[in-house]
Amino acid sequence: MKEAKLDILIKNGRVVFPDEGVERNCAIGILTDRIASIGEQDEPAMRVIDAEGLIVSPGFVDIHMHNEEKEDPFTVQRSLLLQGVTTALAGNCGTGLFIDEYASMFDGLYLNLAFLTGHTRLREAVGITDVYREATEDEISGMCGLLERELDMGSFGLSFGLEYAPNTSKNEIIRLSKVLTSYDRRLISVHIRHDGPACIGAVREMIDLARETSVRVQLSHIGSMTAFGQSREALDMIDQARSEGVDVRFDTYPYEAFCTYIGSTVFDPGFEKRWNKGLDALEVASGPNRGRRLDEDLYQRLRSDAPETLIVAHVMNEEEIRACMRHPLAALGSDAILQNKGGHPRAAGAFPRGIRWLREDGLSWPQALSHATVTPADDMWLVSGRIARGAPADLVIFDPDKFTDRATFKDPLLPPGGIEWVIAGGRVAVEKGRIIEPPKGEFLLRCPRIQKRV
Ligand SMILES: [Zn+2]
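At the far end of the sequence shown sits residue 554, using our numbering, and the numbering has no gaps.
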């Protein structure tokens, strides 16, 4: 027997190369945290994984998640890892924390985690407590300074949650966005100002921002903003803008229900009209009333007494969300958000479910997996999300016949079926659907001085 040179050899698998649009039967060799070889079936290795009948995919890249819940930052990471996610971008929808706050929350990570600086956090830091008020010039200057500090330290960019701060002025948006123009490879993610019929103007506003600043704009969970009859028009606007050279992109999650806090502006009076749905379409997802549908009394009570309660709103059209996902530009993003292990099943099911939908809609495995790997990786200028020599050894190995989400609104943390192994940073992190390794993820910092892997 030859001397073992590789740490891990994965052999006999159907290896998918989403960036090339092909799959091949071949072996993958891993040495330390990198893919060292592709093709050889009989290279000696310390450990051999037989992937006969299984698909070997790049680890999934989640461009839209939330990891800001300080009480329990790990359940969401574990749920994503069990889906095959190995890299994620936290801090979306304006909620991103400051880097020292993230750093103090984690002693070890289950995922490679990048983060965005949140507009809401910036507003709080300069003393704005009223989400309905405009910022003053001084406050905007203060926010710009803080944002600069975060970008210097490695933040991937800025996230806006404009629906949650509905009177944010154009001046405030432009001045903050322009801070990013002094930095390389930083993006703006945005939960746009309106869902429902007014989303068209809100998409237009963000296309104009990308055009005016030349900063990349990532429209967050486009399905939950536009799948009320406006998705087609929104996608056409994005296509048109891109054909004119505007760098605008989007992500979406594969559910007809969204999830956010009852106390947020999203549930300000008038929402029934926007979605053309009644209170009974809203389900409590955390706290003592979990599982109950809202009525007028419960709505009023939670709004005033427990505004942090998560609500799942079953209000979007599935067909429109599927159309958003099939768009070649669409990145699958979980929008995972949990509170005391309660929340929306997307935290544990978004990736298998989205990939299943794409397969049901006729996409090949490489096409379907591209939405979960190379597309989101490219959106944030990462080299992960692909299988290539020298690429990070982040892989997910699953049974294509059993690969599906199991999480439900009743049981939102049920891990998916069909995942045999997840390899993260060259180590087996998940085996037969169970996490077997302690955390080995890294903070991904976009900073020339301390840049790692990105
Ligand atoms: Zn959002």
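From the three backbone atoms N, C-alpha and C, an ideal C-beta is built for every residue, glycine too.
Quick caveat, the model's predicted, so the values are computed rather than measured.
- Put simply, of GLN330, MET243, VAL346 the residue whose alpha carbon is nearest the alpha carbon of LEU276 is MET243.
- DSSP places GLU520 within a strand segment (E or B) once states are collapsed to three.
- Residue ranges of uninterrupted alpha helix (DSSP H) with 4 or more members, entirely inside the stretch 242-322 and ordered along the chain, are 270-279, 299-313.
- Distances from the alpha-carbon of MET146 to those of THR132, GLU201, ILE292 put THR132 closest.
- If you check the CB distance, PRO476 and VAL161 come in under 7 angstroms.
- Non-local C-beta neighbours of ASP505 in its own chain, meaning closer than 6 angstroms and more than five positions away in sequence, comprise GLY449, PRO452, ARG453, PRO516, ordered along the chain.
- Setting aside the 5 residues that flank it on each side, ASN389 is surrounded in the same chain by LEU398, LEU402, THR409, each with a C-beta closer than 8 angstroms to its C-beta; the list follows chain order.
- Counted as a single uninterrupted DSSP element, the beta strand (DSSP E) harbouring ARG147 occupies residues 145-150.
- Around LEU469, the same chain offers VAL116, PRO118, SER157 as residues with beta carbons nearer than 6 angstroms, after the five sequence neighbours per side are excluded.
- Residue side-chain check: HIS291 places its Cβ nearer than 6 angstroms to a non-hydrogen atom of ligand 1.
- Ranking THR313, LEU247, VAL226 by CA distance to the CA of VAL346 puts THR313 first.
- Here the stretch 421-438 makes no contact with the stretch 366-380; the two share fewer than three CB pairs at distances below 8 angstroms.
- In this chain, THR360 is not harboured by any alpha helix (DSSP H); it is covered by the beta strand (DSSP E) spanning 357-361.
- In the DSSP annotation of this structure, the continuous segment of the alpha helix (DSSP H) that includes ASP397 starts and ends at 396-405.
- Excluding five sequence positions before and after GLY191, the CB atoms of its chain that fall closer than 6 angstroms to its own CB belong to PHE215, LEU216, GLY218, SER259, given in chain order.
- The beta carbon of SER259 sits no closer than 6 angstroms to any heavy atom of ligand 1.
- The three-state reading of DSSP puts VAL116 in strand, counting E and B together.
- When the Cα atoms are used, LEU109 and ILE128 turn out to be separated by approximately 6 angstroms.
- The Cβ atoms of ARG285 and TRP481 sit closer than 7 angstroms to each other.
- By the CB criterion at 7 angstroms, ALA381 and GLY442 fall outside the cutoff.
- Beyond the five residues adjoining it in sequence on each side, ARG304 comes within less than 8 angstroms, by CB distance, of MET337 in the same chain, given in chain order.
- Note on geometry: alpha-carbon atoms of LEU394 and SER364 lie some 16 angstroms from one another.
- In summary, ASN212 is buried, with 16 or more beta-carbon neighbours lying within 10 Å of its beta-carbon over all protein chains present.
- For ILE487, there is no enclosing alpha helix (DSSP H), as DSSP marks it with neither H nor E.
- Inter-residue distance for ASP499 and PHE509 is about 24 angstroms (C-alpha atoms, whole angstroms).
- The beta carbon of GLU168 lies closer than 6 angstroms to those of THR195, LEU197 in the same chain, with the five residues before and after it left out.
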